[in-house]
DNA sequence: TATTAATGTCTATTTTTTAGACAATGATTT
DNA sequence: AAATCATTGTCTAAAAAATAGACATTAATA
């Protein structure tokens, strides 16, 4: 990130809860920072003066995942009093002055209280090519169930994002964003079970999904298992997304 | 408002859609500004450096209504590119320099692009004592159905707020915030009909509401009408609000 | 060819929602 | 004092939706 404070809106940030799905588990994209201790954060960034906030969020996401077209939606603003990124501020204080980074500007930037707009994204984890952002030691998919303690209110951000996801998964049929192009009914059901953390009865789940009229049935897939081969399905492209 | 830009977060505002209910109609609190043309806006303001954004919203609301305890919830961030309050900026440009107001600071403040956090409130319209804010020519309850064109995206803000209200009215049982302390089943039904803009069958509406187990039945009220007197109800105080 | 485990779908049951009906009641009229 | 009238409270019937149970089908293996 070339830091140019005049091009950014001060005291306002964006943080993204990026959900993925793999082998029956919901994953969240988390960065580990390049510091002495292990510090974890959600992917985040700032809003350029001329950007729509949705564009900012997409840009922040593309930097980390390489994805351009992503399901991404704001879900909540985090604005408690005195909400500051003390750990990052600390990091800059400890930097040597001659490190080539404009230390003073950064320090001034991060010394302020920030309000953050929370976005959540649903991505096909196989389409993502992870890219470290500046100051990231690594960026990885971590299990939603066992996230480490993160910076500031980032754990709470995940909680609220999951709540929003649960509310919208049924209503808006957005779950397909987490799956590959084609999938079996069982995979879809396992996704739902992972999101809601509870089992669904197989027969009625299938009926409900088919009755939605948004799935296109494709060929059977022969998995090699000693049983009836399941159909593959695809989300119908001709559905209006609203 | 004593303007002190250093105490406020720049480029970030709060706008409130305040819903009331009177005689079968949903009302919205709207200010008319003290300008040559009629300019209408939602109640809004800014966030003090040390404030939780929820506090800011409550403060903004109390200034206009005198109410301290109000149902108030953020529902969406409005952050399109180049979102500026040109009309207010224009107003300051036309002000005489010696008007006692720090014209230059205001001009600088409003020349920037703003991101706004949308809140909606539900109030008992009878408890409100309206107070003009600075620059308001008047502030009034206007019919939701026939709002005038407002500044910037304020009409869109109302649309989204109404959508949020509809989503939560059932689920969260927040409708009682719009009614007086006690009310009849018919009044409650008429409120629902106003919010959803459609009729509900009387028998099933009553059953559904009573089955929620949140209403306390009080005495009958003798209205003087030549028919059976309805019971009064009150929202049970011992319900957890989450 | 029999066995096994998962799949696709059907029917039965239960629950919830919606529709229809009617007695009860408070004031007014006769 | 009795009849009328409009609204209220609640009951039952019908329809729809959700849940549970059952079973034939099928792809690989024994």
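Chains as they are written, first to last, in the working numbering: chain A, 1 to 242; chain B, 243 to 484. All C-beta atoms, glycine included, are put in the ideal place defined by N, C-alpha and C. As the structure is a computational prediction, the values presented were derived from the model and not from experiment.
Leaving out five residues on either side along the sequence, give the residues of the same chain with a beta carbon under 8 Å from the beta carbon of residue i.
i	result
residue 220 of chain A	229, 230, 231 and 232
residue 81 of chain A	113
residue 224 of chain A	none
residue 129 of chain A	65 and 66
residue 280 of chain B	274 and 390
residue 139 of chain A	29, 30, 31, 32, 43, 64, 130, 131, 132 and 133
residue 192 of chain A	169, 175, 200 and 205
residue 58 of chain A	68, 70 and 72
residue 325 of chain B	355, 356, 357, 358, 394 and 395
residue 85 of chain A	110, 114, 151 and 152
residue 469 of chain B	none
residue 211 of chain A	none
Taking the alpha-carbon of residue i as reference, which of the options has the nearest alpha-carbon?
i	options	result
residue 292 of chain B	B:348, B:441, B:345 and B:249	B:249
residue 488 of chain B	B:364, B:348 and B:391	A question about residue 488 of chain B goes unanswered here, because the residues of chain B that appear run from 243 up to 484.
residue 481 of chain B	B:398, B:273 and B:455	B:455
residue 278 of chain B	B:379, B:432 and B:451	B:379
residue 416 of chain B	B:388, B:364 and B:374	B:364
residue 72 of chain A	A:225, A:130, A:66 and A:19	A:19
residue 92 of chain A	A:223, A:192, A:34 and A:148	A:34
residue 476 of chain B	B:383, B:289, B:460 and B:294	B:460
residue 132 of chain A	A:47, A:209, A:66 and A:86	A:66
residue 366 of chain B	B:425, B:280, B:281 and B:327	B:425
residue 53 of chain A	B:321, B:272, B:468 and B:331	B:321
residue 404 of chain B	B:259, B:326 and B:422	B:259
residue 90 of chain A	A:209, A:151, A:56 and A:156	A:151
residue 55 of chain A	A:13, A:192, A:86 and A:84	A:13
residue 126 of chain A	A:181, A:57 and A:208	A:181
residue 398 of chain B	B:358, B:421 and B:336	B:358
residue 253 of chain B	B:336, B:350, B:337 and B:310	B:350
residue 264 of chain B	B:444, B:432 and B:468	B:432
residue 450 of chain B	B:377, B:468, B:430 and B:384	B:430
residue 377 of chain B	B:400, B:453 and B:337	B:337
For residue i, which residues from the same chain have a beta carbon less than 7 Å from its beta carbon, with the 5 sequence-adjacent residues on both sides left out?
i	result
residue 318 of chain B	360 and 402
residue 248 of chain A	No statement about residue 248 of chain A is possible, as the shown extent of chain A runs from 1 to 242 and does not include it.
residue 154 of chain A	15, 41 and 42
residue 448 of chain B	427
residue 231 of chain B	Nothing can be reported for residue 231 of chain B, as the shown portion of chain B is limited to 243 through 484.
residue 388 of chain B	none
Sort out for me which residues DSSP pairs residue i with in a bridge.
i	result
residue 17 of chain A	A:120
residue 233 of chain A	A:183 and A:217
residue 304 of chain B	Answer is none; residue 304 of chain B lacks a bridge partner.
residue 319 of chain B	B:359
residue 442 of chain B	None; residue 442 of chain B has no bridge partner.
residue 71 of chain A	A:122
residue 8 of chain A	A:48
Residues in the same chain with beta-carbon distance under 6 Å from residue i, minus the five sequence neighbours each way, listed in chain order, please.
i	result
residue 144 of chain A	26 and 28
residue 236 of chain A	214 and 216
residue 88 of chain A	110
residue 9 of chain A	47
residue 419 of chain B	313 and 364
residue 464 of chain B	471
residue 384 of chain B	270 and 272
(request) Could you name each continuous beta strand (DSSP E) segment of 3 residues or more that falls completely within the segment 203-230 of chain A, going from the start of the chain to the end? (result) Every beta strand (DSSP E) stretch that sits fully inside the segment 203-230 of chain A and reaches 3 residues is listed by chain position as 215-220.
(request) Enumerate, from N- to C-terminal direction, the unbroken beta strand (DSSP E) stretches of 3 or more residues contained entirely within the segment 351-421 of chain B. (result) Those beta strand (DSSP E) runs which fall completely within the segment 351-421 of chain B and span 3+ residues are 357-364 and 378-385.
(message) If contact is defined by three or more beta carbon pairs under 8 Å, each pair taking one atom from either stretch, is the segment 35-43 of chain A in contact with the segment 97-117 of chain A?
(response) Because the criterion of three Cβ pairs below 8 Å is not met, the segment 97-117 of chain A and the segment 35-43 of chain A do not touch.
(request) Pair every Cβ in the segment 433-453 of chain B with every Cβ in the segment 256-271 of chain B, then say whether three or more of these pairs are closer than 8 Å. (result) Using a Cβ-Cβ distance cut-off of 8 Å, the segment 433-453 of chain B and the segment 256-271 of chain B are in contact, since at least three pairs of beta carbons, one from each stretch, lie closer than that value.
(message) Would the segment 53-67 of chain A count as touching the segment 168-176 of chain A if we require 3 or more Cβ pairs under 8 Å?
(response) Contact fails: fewer than three Cβ-Cβ distances are below 8 Å.
(request) Could you pull out every unbroken beta strand (DSSP E) segment of at least 3 residues lying fully inside the segment 16-60 of chain A, listed in chain order? (result) Secondary structure remark: continuous beta strand (DSSP E) runs of at least 3 residues inside the segment 16-60 of chain A, in chain order: 25-33 and 44-48.
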